[in-house]
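Notes for the one structure printed next.
2 protein chains.
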Amino acid sequence: MERVPVLKIGDILLVSIQIDMEDQVALQLQEDLAERIVASGCHGVIIDISALDIVDSFVGRTLATIASISRVLDAETVVVGMRPAVAITLVELGLSLPGIRTALNVELGMELLARERAEDDEDRDDDADEPAVTTP
Amino acid sequence: MERVPVLKIGDILLVSIQIDMEDQVALQLQEDLAERIVASGCHGVIIDISALDIVDSFVGRTLATIASISRVLDAETVVVGMRPAVAITLVELGLSLPGIRTALNVELGMELLARERAEDDEDRDDDADEPAVTTP
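Line by line, the protein sequences give chains A and B. Yeah, the first sequence ends on 131 if you go by our numbering, and it's all consecutive. Yeah, the second sequence ends on 131 if you go by our numbering, and it's all consecutive.
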């Protein structure tokens, strides 16, 4: 069976989808990715779809499921490399990929994840400070 | 026609081969990669073959050609993610991928390229210093 490889680059897992997203491939990818997030402790997942000519509702649902699984495992997902024609077709089909972040390319996706992570850390620091402020 | 995407990550171009390397796909990849090296000025190319079950002589030759083209354009190529079974079959077939550097995974490939680049820069600095030393 064909399998989509998951590549680790620093704190990020990169997935480049090039083959047709059949049921088994999609399920296997979800499983592989979840395992790799847990094993590596990565906080970001980038899914490159620049090789895809078509994103139908099944692919859209698969991406949304991956994003949800990752979020539960404390990793953010960004979909990158969408072709202009794909974006147009998606909107025409009434699919707006709810809950999925996008960026133009891998580098911008990495920047987005790094920025979000930094903001999250700040928020956590603020939360940690609060008790110290309110306690006299 | 199917097309292998070329992803830019910092100073490196990343290619993850997942589809069958037919003649047209291989030629297109060589062309795309050469164009991207020139356009981006990247000095490293990483080719991930972790999705490949088989590396036959055609794929081996394609990888060698890509490495040669990249070298002419001042970029080093590293092939990463080779499966153990693929390595065994390659040697059994008498294919040793001459002229192709390998690393275990993308991260180690990036380290290898960064190290080589640093050494190259040092060599160049040494060369540049020489005239100053010999001239009185």
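Glycine residues also receive a C-beta, built at the ideal position from the N, C-alpha and C atoms.
Around the beta carbon of Q19(A), a 10 Å sphere encloses fewer than 16 other beta carbons of the protein chains shown; the residue is thus reported as exposed.
Its Cα nearest to that of S91(A), the residue A82(A) stands out among A98(A), A82(A), E71(A).
If you ignore the 5 residues before and after M77(B), its C-beta comes within less than 7 angstroms of the C-beta of I44, T97, all in its own chain and listed in chain order.
Relative to the Cα of A70(B), the nearest Cα in the group T84(B), I42(B), I49(B) belongs to I42(B). Under DSSP, L47(A) forms no beta bridge with any residue.
Not a single CB atom of chain B sits nearer than 8 angstroms to the CB of A109(A).
Burial is judged here by how many other beta carbons sit within 10 angstroms of a residue's own beta carbon; V73(A) has at least 16 and is buried.
For L88(B), there is no enclosing alpha helix (DSSP H), as DSSP marks it with neither H nor E. The C-alpha of P93(B) lies about 7 angstroms from the C-alpha of A59(B). In this structure, the straight-line span from the alpha carbon of V75(B) to that of I4(A) is close to 13 angstroms. The three-state reading of DSSP puts R66(A) in helix, counting H, G and I together. In the three-state DSSP reduction, E17(A) falls in the coil class, being neither helix nor strand.
Restricting attention to L107(A), E87(A), V1(A), P79(A), the CA atom closest to the CA of A34(A) is found in V1(A).
Residue contact with chain A for G76(B): present (Cβ-Cβ distance below 8 angstroms to some residue of chain A). By the Cβ-count criterion, V67(A) is exposed, with fewer than 16 other Cβ atoms from all chains shown falling within 10 Å of its own Cβ. Spanning the alpha carbons of S52(A) and R110(B) requires a straight line of approximately 44 angstroms. The beta carbons of Q13(B) and I14(A) sit about 6 angstroms from each other, so the pair counts as a contact at 8 angstroms. Cβ-Cβ distances below 6 angstroms link L9(A) to L2, I41 in the same chain, with the five nearest sequence neighbours on each side left out; the list follows chain order.
With its beta carbon less than 8 angstroms from one in chain A, D43(B) belongs to the interface.
Counting only the Cα atoms, N100(B) lies some 20 angstroms from T57(B). For I4(B), the enclosing beta strand (DSSP E) has its first and last residue at 1 to 4. The CB of Q13(B) comes closer than 8 angstroms to the CB of E(-3), V(-1), P0, S11, Q13, I14 in chain A, given here in chain order. Along the region 22 to 46 of chain A, going in chain order, the ones with a CB nearer than 8 angstroms to a CB of chain B are D43, S45, A46.
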